[in-house]
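Numbering (the numbering used here), first residue to last: 22 to 381.
Contents: one structure, followed by commentary.
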Ligand code: SF4
């Protein structure tokens, strides 16, 4: 155990203390922050976290909320599977745990969307449990401190890093003397990775671990950890129909699973269909159509070129097949667009058209 003592001392004087989720040991609030913080910057999370808590102040109210409302409060944060799992997790806590989160990392890790590192973080922050975390930031700190060669996303290197993370935990005896040490240790690793041992331009001279850091001693900070082997992402394209009529836009709700699951988006036409054929399929009669500039949206596993077409509809009629399932296809007043959970690129597209007053 070489890291814990300098890390905890540093966290207590230089670490982050004013974040909204640090003022509590309530597992609901800590869990919510940990899920929101996955692959997302603190500054982006704060407003979402605060707004979410106003609408869903406890696990019971989140569990019984309509999934659409949960998705609407998440829209813009990305990685929407997190929101679906969040809702499912709240329901499991109510059904299987009587409304209380499991009391240890092992139990927490059985819930939807909570992996071993998130479970350990919640248990450390809420219960002071001695359990190791290993998120992306911690992997970077450990890979540098111990000069671990190899791609940290591979199973073998990940196992090595988990073992190191466990070895570096404060001892049980230290935790008995200083029960808050586990919180400071866990938060310290997160803070160090986010603010000092950053991906580029690590500030080693300010680092509390520089004395023992192998990468620093060997001048290998820039080369560690090894970057993930790059795969060329597949390219896809889709047409998006922006049908509008007298202050309304036609939206479709995406299926619950898959990309943008459960969010409201624009009808898509692809597979060789033209925009006109897409309108015909929906039963929308169009008086004027305009092709807009295509733009790229990059997902983690593919690149999507979106080709939008603006269509002025003659009425709000849609084909019976669509009418019968009003949950999936709906004319939505422009004034109500902000209340719908939408994928970020669709929201940006519609906001741009609204600002240019092109949605009549
Ligand atoms: S000395 Fe530099 S590379 Fe080593 S842990 Fe600190 S910031 Fe990271």
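Glycine is no exception: its CB is placed at the ideal position from the N, C-alpha and C atoms.
Next on the checklist: Between the alpha carbons of residue 347 and residue 277, how many angstroms are there, rounded?
Outcome noted: Along the chain shown, one-based indexing puts residue 347 at 326. Along the chain shown, one-based indexing puts residue 277 at 256. Confidence in residue 347 is poor, its pLDDT being 46 and thus under 50, which makes the residue's placement unreliable; the coordinate value appears in the next sentence. Each residue's Cα considered, the two are about 15 Å apart.
Checklist entry - To which residues of the same chain is residue 269 closer than 8 Å at the C-beta, ignoring the five residues directly before and after it? => result On the chain shown, position 248 is the one that residue 269 refers to. Only 337, 352, 353, 354 and 355 meet the Cβ criterion.
Item to check | CB-CB length for residue 51 against residue 154, believed under 8 Å | outcome: Within the chain shown, numbered from 1, the residue matching residue 51 stands at position 30. Within the chain shown, numbered from 1, the residue matching residue 154 stands at position 133. About 13 Å; that fails the 8 Å criterion.
Item to check | Where the beta strand (DSSP E) through residue 325 begins and ends | outcome: By 1-based counting over the chain shown, the position of residue 325 is 304. Run containing residue 325: 324–334, per the beta strand (DSSP E) assignment.
Checklist entry - Just to confirm, does residue 25 get its C-beta within under 7 Å of one of the non-hydrogen atoms of the ligand SF4? => result On the chain shown, position 4 is the one that residue 25 refers to. It does not: the Cβ of residue 25 is nowhere closer than 7 Å to a heavy atom of the ligand SF4.
Item to check | Any 3 or more C-beta pairs closer than 8 Å across the segment 110–122 and the segment 75–92 | outcome: With the cut-off at 8 Å, the segment 110–122 and the segment 75–92 touch.
Item to check | Opening and closing residue of the alpha helix (DSSP H) in which residue 383 lies | outcome: The structure shown does not extend to residue 383, since the chain spans only 22 to 381, so no value can be given for it.
Checklist entry - Can you tell me whether residue 169 is buried or exposed, with buried defined as 16 or more other CB within 10 angstroms of its CB? => result Walking along the chain shown from the start, residue 169 turns up at place 148. Result: buried.
Next on the checklist: Is the separation between the beta-carbon of residue 101 and that of residue 281 shorter than 8 Å?
Outcome noted: As a position in the chain shown, residue 101 is number 80, starting the count at 1. As a position in the chain shown, residue 281 is number 260, starting the count at 1. Yes. Within cutoff.
Next on the checklist: If you reduce the DSSP assignment to three classes, tell me which class residue 375 lands in.
Outcome noted: In the chain shown, the residue the question calls residue 375 occupies position 354. Here residue 375 sits in helix by DSSP.
Next on the checklist: When you measure from the CB of residue 224 to every non-hydrogen atom of the ligand SF4, does any distance come out below 7 Å?
Outcome noted: Indexing the chain shown from 1 puts residue 224 at position 203. Yes, the ligand SF4 has a heavy atom inside 7 Å of this Cβ.
Next on the checklist: I'd like the ranges of any beta strand (DSSP E) spanning at least 3 consecutive residues and lying wholly in the segment 144–208.
Outcome noted: none
Checklist entry - For residue 271, which beta-bridge partners are listed by DSSP? => result Residue numbering aside, residue 271 sits at position 250 when the chain shown is read from its first letter. Answer is 352, bridged to residue 271.
Checklist entry - Does the segment 325–335 come close enough to the segment 300–307 to have 3 or more Cβ pairs within less than 8 Å? => result yes
Next on the checklist: Check this for me: beta carbons of residue 380 and residue 300, under 8 Å apart or not?
Outcome noted: In the chain shown, the residue the question calls residue 380 occupies position 359. In the chain shown, the residue the question calls residue 300 occupies position 279. For residue 380 and residue 300, no; Cβs fall outside 8 Å.
Item to check | Residue from 146, 148, 123 and 152 whose Cα sits closest to the Cα of residue 137 | outcome: Translated into the one-based positions of the chain shown, residue 137 becomes position 116. For the residues 146, 148, 123 and 152, the minimum Cα distance to residue 137 belongs to 152.
Next on the checklist: I need the DSSP call for residue 63, collapsed to helix, strand or coil.
Outcome noted: Here residue 63 corresponds to residue number 42 of the chain shown, with the count starting at 1. Three-state DSSP puts residue 63 in a helix.
Item to check | Nearest to residue 274 (by Cα), restricted to the options 330, 241, 173 and 367 | outcome: The residue given as residue 274 occupies position 253 in the chain shown. Selected option, being the one with the closest Cα: 367.
Item to check | residue 307 - DSSP class collapsed to helix/strand/coil | outcome: Your numbering for residue 307 matches position 286 in the chain shown. Looking at residue 307 - three-state DSSP - the assignment turns out to be strand.
Checklist entry - Looking at residue 230 and the ligand SF4, is the gap between the Cβ and the nearest heavy atom below 7 Å? => result By one-based count along the chain shown, residue 230 stands at place 209. Yes, Cβ of residue 230 sits closer than 7 Å to a heavy atom of the ligand SF4.
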